[in-house]
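A.B. asks:
Residue numbers (my numbering): 697 to 1048.
Structure follows, in structure tokens:
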């Protein structure tokens, strides 16, 4: 009982602020059914499909519930954090359902262009909320608790586990719709994460949020992933200051160099990021009028360092850029054909 007691306290502390998100959409007019459902058999009467939809699938406004996820309230005035993939559809309506059943219309304030993070707002005051922790202090083996609305049943579920990996880069299924997403710098945990509790909080033993449940690798036992809460903190700070989430932009296409690539292409180094266009004709390695272009970076340059930090597989260029803010000046060390190592300064701009 003594082992369970701290977990019980955490759940009681956090659960009131963990919410369900219901995704609803208007069904199309009958004449638009072929566009909305292109794979219906020829001659199918759309009215028959309407009849087959169970009554419980409709909300109070006559819209069809098409999905669900989790989220959590982070302030008494109703700001909510969740995953971007939970609220990705701009044409859908989103409703927040509190654990006691009370419902609120949710407005999407911002979707992070880089991370799987979104911020919602519900109107009201004195909402229960969860304190945000510090994800940079996490250690392997640390106890964590995942809370969410598993599988969209509108009630909180709890699973416990440990931090089993840090700074993971994966491509995983994010959400029940099967969409694949590249996730960078994520927390790996063996706490059970289901598609329905995407967007719920991953909390530490003190009941502070250290991550946002995001994805699960199907076919692999006990492997789930969460977005570090510090990524969400940065997004919240941007919203407060600029009214939107700003992502720094360099304007390069590149491939990461490793020992295998060095040998295959007879490159002079086994690390760094080599600027290269994609295979499609007309693509650029350096985007026109981008920060990289203004700094004089050329195709086939190899960027070796950012502010004296070596670019490696473990510390890729994208991660180094995302640590900075729009407007930051970065010193790049570059290896250029026929010139050797040179340095240049680049000023990061906002991703559009």
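Glycine residues also receive a C-beta, built at the ideal position from the N, C-alpha and C atoms.
Whose C-alpha, out of 720, 1012 and 774, is nearest the C-alpha of residue 805?
C.D. replies: Nearest C-alpha to residue 805: 774.
A.B. asks: Between which two residues does the beta strand (DSSP E) containing residue 818 stretch?
C.D. replies: Residues 814 to 818.
A.B. asks: Cα separation between residue 800 and residue 777?
C.D. replies: Answer to the nearest angstrom: the Cα atoms are 15 Å apart.
A.B. asks: Report buried or exposed for residue 970, applying the criterion of at least 16 other Cβ atoms within 10 angstroms of its Cβ.
C.D. replies: It is buried - the Cβ of residue 970 has at least 16 other Cβ atoms within 10 Å.
A.B. asks: Quick one: what's got a C-beta closer than 8 Å to residue 951's C-beta in the same chain, skipping five residues either side?
C.D. replies: Taken in chain order, the residues that qualify are 957, 969, 970 and 972.
A.B. asks: Once DSSP output is grouped into helix, strand and coil, what is the label at residue 931?
C.D. replies: If DSSP states are grouped into helix, strand and coil, residue 931 belongs with the helices.
A.B. asks: Quick check on residue 996: buried or exposed, where buried means 16 or more other Cβ atoms within 10 Å of its Cβ?
C.D. replies: Looking at its Cβ environment, which holds fewer than 16 other Cβ atoms inside 10 Å, residue 996 is exposed.
A.B. asks: Which residues bound the alpha helix (DSSP H) around residue 988?
C.D. replies: Run containing residue 988: 987 to 990, per the alpha helix (DSSP H) assignment.
A.B. asks: Given a cut-off of 8 Å on the beta-carbon distance, is the pair residue 943 and residue 810 in contact?
C.D. replies: Yes. Within cutoff.
A.B. asks: Return the chain-ordered list of same chain residues with a C-beta closer than 7 Å to the C-beta of residue 714, the five sequence neighbours on each side being excluded.
C.D. replies: Hits under 7 Å: 766, 768, 795, 843, 844, 852, 896 and 897.
A.B. asks: In terms of residues, what are the limits of the alpha helix (DSSP H) holding residue 717?
C.D. replies: Premise fails: residue 717 lies in the beta strand (DSSP E), 714 to 721, not in any alpha helix (DSSP H).
A.B. asks: What separation, rounded to the nearest whole angstrom, lies between the Cα atoms of residue 1037 and residue 1031?
C.D. replies: Roughly 4 Å between the two C-alpha positions.
A.B. asks: Determine the direct distance from the alpha carbon of residue 1006 to that of residue 984, and round the result to whole angstroms.
C.D. replies: C-alpha separation (whole angstroms): 26 Å.
A.B. asks: Evaluate residue 964 with the Cβ neighbour count: other Cβ atoms within 10 Å of its Cβ, from every protein chain shown; 16 or more gives buried, anything less gives exposed.
C.D. replies: So residue 964 ends up on the exposed side.
A.B. asks: Thinking C-alpha only, which one of 890, 901, 954 and 835 is nearest residue 701?
C.D. replies: Minimum Cα distance to residue 701 is reached at 901.
A.B. asks: For a test of the three-state rule: what should DSSP assign to residue 822, helix, strand or coil?
C.D. replies: Coil at residue 822, not helix or strand.
A.B. asks: Quick one: Cα of residue 946 to Cα of residue 1046, how far?
C.D. replies: Going by the C-alpha atoms only, they are around 9 Å apart.
A.B. asks: At the level of alpha carbons, what is the spacing between residue 987 and residue 1042?
C.D. replies: So the alpha carbons of these two residues sit roughly 6 Å apart.
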